[in-house]
Amino acid sequence: MEGQTPGDRGLLEKPVPTAARRSLSSLGAVFILLKSALGAGLLSFPWAFHKAGGVAPAFLVELVSLVFLISGLVILGYAASVSGQATYQGVVGGLCGPTIRKLCEACFVINLLMISVAFLRVIGDQLEKLCDLLLPSAPPAPQPWYTNQRFTLTLLSMLAILPLSAPREIGFQKYTSILGTLAACYLALVIVAQYYLGPQDLAREPRLASSPFSWASVFSVFPTICFGFQCHEAAVSIYCSMRHQSLGHWALVSVLSLLACCLVYSLTGVYGFLSFGTDVSADILMSYPGNDGVIIVARVLFTVSIVTAYPVVLFLGRSVMQDFWRRGCCWACGPQPLAEPSGPWVRMSLTVLWVTVTLAMALFLPDLSEIIGIIGGVSSFFIFIFPGLCLICAISVEPVRPRVKCFLEAWGVVSVLVGTFIFGQSTVAAVMELL
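Going by the UniProt record's numbering, the sequence shown wraps up at 435, each residue one higher than the last.
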């Protein structure tokens, strides 16, 4: 520290946003950050390895992405300290202005809504497979009404997802996040074990792709990685809820979380791809026999993992709607709103509304597998573009040495350009596939 200027020390010792309650331990922050990233993307990583053309190109894309993923989390922690805001959209608005904040909020709501719908669709598919296994019926006979996906998913949403989404503080999710993280790790271990000790009817010599089909196929993996590793939307809320806050400590939490997440995703992707090769399904569990007891347990635990990830996504979307409520009430009723946005009545109303809308979309919309690329494209805003813009704006108001400032500005520009490329490429590819 002796050779550093006051501006450099400021990068490591920034003040804490005063609006946040500091009740989250470092271990709890690691688990919440890890669980935010371990979601539905875990099932599609073997398919992404096949799409990239093999293990080597997929690993290369994953390692390059990991650099930007970690830097984005560190940038968001630094930006939260500079701006003094406790939410993602608040940080973007405080540093980049109201126009960029409105864009951020629009992308935020769209992205989180689609993620919630995708989570519910994955849960519904797993419930349907479990019901088919537990209550088999002859082909002419219809399944009982209580095994229908619309009934089972609605019941699960009311009995499990809604109660888990009701608490005011995100720190409560550290308990359920531990369970969800262990469930995702179990799925990765099952895929590894099935590769070596799988049943006889499992393909032992799958057709493997030896080289990438094209650079376009390699670049098309970025949306899947963005969809799988997206935890940046929760980064600011997690950082501002931590008891021990400093940029160095937050960087350590970010590195540990994403390295653990990368290990789980890599094991799942490599061994799932090696097990089935070009025949791998977009949902890796669909490639295994349905009557395998180990796979049944993995299916159940992964459903638990997604159920515990949904409340974290809802918490972030609810925070945006609470900001809308606060600004709307202040504009209509003056400085004293009709009801406190974080109060129980408003909070529960917004929670019920979010669960109802996403449940209706999951039940009545067609298959969402084709628009995963759009979700990953929108996620690039939160992983690359907005952190890059926040970094450029933050160092313009902070005392930093000229060389360090030039490097940080260049990194911010690179992040914005990479995010723009991923968004454009993935969105165009997804729209073309839909059409």
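Ideal Cβ positions, reconstructed from N, Cα and C, are used throughout, including at glycine.
In this structure, DSSP gives L24 an extended state, which the three-state scheme calls strand. A Cβ-Cβ separation of about 29 Å leaves G377 out of contact with K129 under the 8 Å criterion. Taking C-alpha positions only, Y239 is separated from I225 by approximately 23 Å.
Contact between T303 and L127 holds: their C-beta atoms lie close to 7 Å from each other, under 8 Å. The straight-line gap separating the alpha-carbon atoms of R299 and Q85 is approximately 39 Å.
Rounded to whole angstroms, E409 and R318 show a C-alpha spacing of 32 Å. DSSP places V122 inside the alpha helix (DSSP H), whose first and last residues are P98 to L134. By the criterion of a C-beta distance shorter than 7 Å, Q89 is surrounded in its chain by R101, C104, E105, F108, V320 and D323, once the five residues flanking it on both sides are discounted. For M242, DSSP records a beta bridge to L24. Shown here, R168 sits in coil according to DSSP, grouped into three states, outside any helix or strand. In the three-state scheme derived from DSSP, where H, G and I count as helix and E and B as strand, A184 is classed as helix. Contact between I32 and V312 holds, with the beta-carbon distance rounding to 7 Å and staying under 8 Å. Q85 carries a coil assignment under DSSP once its states are collapsed to helix, strand and coil. The residues C131 and L135, in chain order, have a CB closer than 6 Å to that of T147 in the same chain once the five nearest residues on each side in sequence are set aside. Of the candidates L417, P399, A394 and I422, the residue whose Cα lies closest to the Cα of A80 is A394.
Around the CB of C390, 16 or more other CB atoms lie within 10 Å, so the residue is classed as buried. By the C-beta density criterion, L95 is buried, having at least 16 other C-beta atoms within 10 angstroms.
The segment 245–253 makes no contact with the segment 50–58, as fewer than three CB pairs between them are under 8 Å. In the structure shown, the three-state DSSP call for G53 is coil. Annotated three-state conformation of R327 is helix, per DSSP. If you compare the alpha carbons of S25, A40, A183 and A166 with that of Q230, the shortest gap goes to A40. With contacts defined by Cβ atoms closer than 8 Å, V357 and H50 do not form a contacting pair. With fewer than 16 other beta carbons inside 10 angstroms of its own, A360 counts as exposed.
Annotation note: the segment 374–398 contains the following uninterrupted alpha helix (DSSP H) runs of length 4 or greater, listed N- to C-terminal: 386–395.
In this structure, the straight-line span from the alpha carbon of S257 to that of W145 is close to 42 Å. For L285, the closest of L43, E433, S241 and F386 by C-alpha to C-alpha distance is L43. Residues H232 and E233 of the same chain have their beta carbon placed closer than 6 Å to that of F382, with the five preceding and five following residues left out of the count. Around the beta carbon of C406, fewer than 16 other beta carbons lie within 10 angstroms, which makes this residue exposed.
In the structure shown, S266 adopts helical secondary structure according to DSSP, grouped into three states.
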